[in-house]
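Convert by adding 29 to the 1-based position in the sequence shown; the result is the number in this note's numbering.
Note that CB positions come from ideal geometry on N, CA and C, so glycine has one too.
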Amino acid sequence: RQMCIRDRYKSMVNKVKTATVIGLNAYQVFVETDVINSLPSFSIVGLPDTAINEARDRVRSAIKNSGFTFPAKKVVINLAPADLKKEGSNFDLPIAIGLITEEGILEPEKLDNYAFIGELSLDGSLRGINGVLPLILGLKEEGIKNVFVPYVNAKEAALAGSDMNIFGAQCLSDVVNHFSEAPLKQTVVDINSYLTENSNQDYIYDFKDVKGQQKAKRALEIAAAGAHNILMTGSPGSGKTLMAKCFASILPPLELKEALELIKIYSISGLLSPDEPLMTKRPFRSVHHTASTNGIIGGGSSPKPGEITLAHRGVLFLDEMVEFPRSVLEVLRQPLEDGEVVISRTKHTVKYPAKFMLLGAMNPCPCGYLGDKEKQCTCSEFQISRYQSRLSGPLLDRIDLHVDVPRLTSEELLNTQPSAESSADIRKRVVKARKIQAERYRNDGILTNSELTSKLIRKYCQIDKPSAELLKIASVKYQLSGRRYDRILKLARTIADLEGSENIQQAHLMQALQYRMNNRN
């Protein structure tokens with residue numbers, strides 16, 4: 030008799046597969062549904078957040094307005110594993126499917142190879158959600174090949190690969206009817222062709238419109254080629270902000286691996302367009318100096334990506350860099366070194382990637398005219414020292430290129446001849462250098478020179494004896510730290526790649542030293 034009771038109880042509990050996201054990783058979740066002969070009630074257990082608890086009313090109305098019956102009994106929903114925190118509204122659809130299955134409308138056996146993701150409206154239609162691609166990739170790792178998602182998220186979900194069967198549904202009825210008379214059409218996206226078609230795009234700002242500033246343009250080219258950090262210092266109106274905006278136009282196109290990393294980040298942040306779910310441009314994040322620490326590195330009670338993660342594989346631009354609070358600037362030190370940020374909370378810890386290029390711009394002093402040939406600086410030595418000290422030594426140590434941007438002369442301003450090199454021409458050299466690096470590091474797990482570790486520097490940044498003597502003299506004269514020494518070699522490696530040189534020459538090292546050494550450094 031006890032065996033019969035257990036078998037009967039087992040048949041009454043349905044399990045529907047879905048997933049939840051913590052950080053950038055997804056974990057499979059089983060939505061267990063049980064209907065008990067008791068007074069009507071609806072409870073959800075298994076560490077749900079507020080959005081999931083509110084699913085009770087959404088699901089009830091969606092089921093009734095879709096023409097299905099809602100159990101007039103006690104309903105218990107368990108989200109297993111129960112010790113894993115669940116967040117978001119993507120549990121609406123699997124909960125509704127579990128209840129419809131309990132009513133005998135769907136056969137439980139047909140759902141074994143399927144997972145369900147989506148938020149329900151009261152009328153039964155499916156609304157788009159954030160973080161679809163990470164959810165799909167998490168289910169893919171668990172061996173699940175068939176997934177239902179809201180129609181607006183179908184293109185994004187299909188980026189998980191051709192081996193996944195993605196079905197975009199407009200409403201709850203579409204999902205139910207798929208198993209009977211009206212199967213849904215599978216959504217397919219060719220990722221490689223999409224990247225190829227959209228790799229060459231027009232940019233609003235182009236270096237051909239920037240007059241003069243050849244040294245700064247060269248520094249920005251080197252930074253783009255090796256993914257190095259750069260700081261531009263110059264008087265107001267010298268063109269720092271304009272060149273920073275042009276910087277995006279010389280960045281190389283995204284590799285497929287990089288694009289998928291960014292899609293996961295932007296999907297979780299709710300910043301993806303449903304019509305164009307695949308990012309084809311490297312991010313360029315321009316942050317105002319009133320940004321908070323959490324806004325920069327991420328955080329909150331349920332940690333979300335910050336600006337440094339949104340700038341992953343792209344650029345974080347800090348205009349008027351010294352105007353940022355010291356506390357905000359200092360939190361950049363570890364991510365600049367490690368390429369990731371770890372956010373710890375009481376119940377869990379999340380890790381976000383943060384391999385970004387830091388592009389900073391600042392004035393040399395409070396009035397902005399220190400060293401200007403045409404306008405006199407009115408600041409005292411104390412004011413200048415206090416102003417420049419807002420950027421700490423350890424932070425400056427992590428910036429590879431320091432370049433002065435002088436004010437344009439009257440001849441340069443009046444020159445109307447389009448003699449400047451275009452961004453397209455500069456970009457070709459940058460792409461060529463990046464391809465050299467990708468081929469060199471194909472077995473090392475990195476993509477650019479800026480990611481070289483101390484071990485890899487010894488392997489790929491060897492220099493001849495005259496260059497070693499030059500670097501020895503510079504290390505004594507400028508009291509180079511170990512970090513600064515390594516960054517000079519990485520910068521020289523990038524300059525050599527731009528020149529198409531297999532080995533680092535003395536001229537490459539001298540140019541790297543020139544960009545690393547300034548009046549403060």
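Within the same chain, show all residues whose beta-carbon is closer than 7 Å to that of lysine 244, passing over the 5 residues directly before and after it, in chain order. If we look at lysine 244 and ignore the five residues flanking it on each side, its Cβ neighbours are Val432.
Got a sec? Which residues, its chain only, sit under 7 Å from alanine 380 by beta carbon, not counting five neighbours each side? Looking at the sequence shown, residue 380 is not alanine but lysine. Around lysine 380: Gly52, Glu369, Val371.
Would leucine 122 pass as a contact of phenylalanine 99 if the rule is Cβ separation under 8 Å? no
Where valine 45 and glutamate 359 are concerned, what is the direct C-alpha to C-alpha distance, given to the nearest angstrom? 46 Å
Quick one: grab the DSSP three-state call for tyrosine 507. coil
Since serine 202 is in the alpha helix (DSSP H), which residue starts that stretch and which ends it? Run containing serine 202: 201-207, per the alpha helix (DSSP H) assignment.
Residues of its chain near alanine 211, where Cβ-Cβ distance is below 8 Å and the 5 sequence neighbours each way are ignored: For alanine 211, where only same-chain residues beyond five positions count, the Cβ hits under 8 Å are Asp203.
What does a CB cutoff of less than 8 Å around glutamate 450 pick up in its chain, not counting 5 residues either side in sequence? Excluding residues within five positions, the ones whose Cβ falls inside 8 Å are Phe236, Lys237, Lys246.
Measuring straight from C-alpha to C-alpha, what distance separates glutamate 138 and threonine 130? Straight across, the Cα-Cα distance linking glutamate 138 with threonine 130 is about 10 Å.
Please give me, in chain order, every unbroken run of the beta strand (DSSP E) with length at least 3 that falls completely inside the region 66-126. 70-74, 103-109
Could you tell me which whole beta strand (DSSP E) segments of length 3 or greater appear in the region 310-346? 313-316
Cβ atoms of isoleucine 492 and isoleucine 533: under 8 Å apart, would you say? In this structure, the beta-carbon distance from isoleucine 533 to isoleucine 492 falls below 8 Å.
Where do the N-terminal and C-terminal ends of the alpha helix (DSSP H) with proline 423 fall, by residue? 422-426
Alpha-carbon spacing of alanine 252 relative to arginine 516, whole angstroms: 12 Å
Just to check my reading of the structure: alanine 109 and valine 58 have Cβ atoms closer than 8 Å, yes? What is that Cβ distance to the nearest angstrom? Contact between alanine 109 and valine 58 holds: their C-beta atoms lie close to 7 Å from each other, under 8 Å.
Going by C-alpha to C-alpha distance, which of Gly160, Gly153, Lys184, Ile195 sits closest to isoleucine 173? Ile195
Arginine 37 versus phenylalanine 71 - alpha carbon distance: Unreliable placement is indicated for arginine 37, whose pLDDT of 42 sits below 50; the coordinate value is still reported in the next sentence. Straight-line Cα distance between these residues: approximately 22 Å.
Just to confirm the assignment: which complete beta strand (DSSP E) runs, minimum length 3, are found wholly within the region 425-468? 430-434
For tyrosine 514, the three-state DSSP class (helix, strand or coil): Assigned with DSSP and collapsed to three states, tyrosine 514 falls in helix.
With DSSP as the reference, label glutamine 543 as helix, strand or coil. DSSP, read as helix, strand or coil, puts glutamine 543 in helix.
Which residue from His537, Val344, Gly127, Glu185 puts its Cα closest to that of threonine 523? His537
When you compare only the Cα positions, how much space is there between serine 321 and serine 356? 9 Å
Verify whether the separation of the beta carbon atoms of valine 60 and isoleucine 297 is less than 8 Å. no
Give the secondary structure of alanine 189 by DSSP, where H, G and I count as helix, E and B as strand, and everything else as coil. coil
Is the region 284-295 in contact with the region 413-424, if contact means three or more CB pairs nearer than 8 Å? They do not touch, by the three-pair rule.
Only counting the same chain, and skipping five residues up and downstream in sequence, which positions put a Cβ closer than 7 Å to that of glutamine 535? Pro495, Ser496, Leu499
Pull up the distance between the alpha-carbon of threonine 62 and that of aspartate 473, whole angstroms please. 47 Å
Is the CB-CB distance between tyrosine 514 and serine 504 below 8 Å? yes
Going along the chain, which residues of its own chain have a beta-carbon closer than 8 Å to the beta-carbon of asparagine 323, five neighbours each way excluded? Gly329, Gly335
Which same chain residues, not among the five before or five after proline 399, have their C-beta less than 7 Å away from its C-beta? Checking the sequence shown, residue 399 turns out to be leucine, not proline. Excluding residues within five positions, the ones whose Cβ falls inside 7 Å are Pro393, Cys406, Cys408, Ile413.
Nonlocal neighbours in the same chain, by C-beta distance under 6 Å from threonine 262, ignoring five residues either side: Closer than 6 Å at the Cβ level, and outside the excluded window around threonine 262, lie Met391, Pro393, Asp433.
From leucine 476 to arginine 362, what distance separates their C-alpha atoms? 21 Å
In whole angstroms, give me the CA-to-CA distance for isoleucine 73 and lysine 184. 31 Å
Anyone know if the C-beta pair for glycine 167 and alanine 55 falls short of 8 Å? yes
Under the three-state reduction of DSSP, which class applies to glycine 255: helix, strand or coil? When secondary structure is reduced to three states using DSSP, glycine 255 falls in the helix class.
With a 10 Å radius around its C-beta and 16 neighbouring C-beta atoms as the bar for buried, classify alanine 101 as buried or exposed. exposed
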